[in-house]
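A short write-up of the structure that comes next.
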Amino acid sequence: MKFNTATPIYQQVVADLKKKIVNGTIHPGDKLPSGRDLAVEYKINPNTSSRVYALLEEQGITYTKRGIGTFVIDDENIVDILKEEMANHLLTFFMNNMHELGYSSDDIIDLIRRNEKC
1 MKFNTATPIY
11 QQVVADLKKK
21 IVNGTIHPGD
31 KLPSGRDLAV
41 EYKINPNTSS
51 RVYALLEEQG
61 ITYTKRGIGT
71 FVIDDENIVD
81 ILKEEMANHL
91 LTFFMNNMHE
101 LGYSSDDIID
111 LIRRNEKC
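Counting in this note's numbering, the sequence shown runs without a single skipped number right up to 118 at its last residue.
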């Protein structure tokens, strides 16, 4: 994974793990790699991987079984929840930038309709 310097690494790893849950690479109930294995996989500091797992747990996406590991919550709704959360984030970013360019909401809708085959 190539990291963006504008966003903290732990947030980028969290976002990537959420994408993997949404796209089915990681499933509800799956065990995630150990903190060390995650650090190796993403080429990050083990403290950063601890922070990643702490944030995912704080957000209710994972839980930890002491001595066993970290797991994605076993709830099929998590995929839909994450998908909607990520879509709303992208739409907010997109709409704000389009409005800054001077487009109205109607103009944006027209542009999307003209380009929906992309």
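Backbone N, C-alpha and C fix where the C-beta goes; we use that ideal spot for every residue, glycine too.
Quantities reported herein were computed from a predicted structural model and do not represent experimental measurements.
Within the region 45 to 98, the runs of beta strand (DSSP E) that reach at least 3 residues and sit entirely inside it are, in chain order, 62 to 65 and 69 to 72. Boundaries of the alpha helix (DSSP H) around Leu-38: 35 to 42. For Ile-108, the CB contacts under 6 Å within the same chain, skipping 5 residues up- and downstream, are Met-98 in chain order.
Between the alpha carbons of Thr-70 and Thr-5 lies a gap of roughly 27 Å.
Below 8 Å, too few C-beta pairs join the region 88 to 98 and the region 42 to 61 to call them touching: fewer than three. The three-state reading of DSSP puts Lys-19 in helix, counting H, G and I together.
With respect to Ile-44, Val-14 sits apart: the two C-beta atoms are not nearer than 8 Å. Considering only Met-1, Phe-3, Ile-9 and Ile-26, the residue with the shortest C-alpha distance to Val-79 is Ile-26.
Per DSSP, Ile-26 is not a residue of any alpha helix (DSSP H), being assigned neither H nor E.
Contact between Asp-74 and Pro-33 is ruled out by a C-beta separation of about 18 Å, above the 8 Å threshold. For Asp-16, same chain residues with a beta-carbon under 7 Å away, outside a window of 5 residues either side, are Met-1 in chain order.
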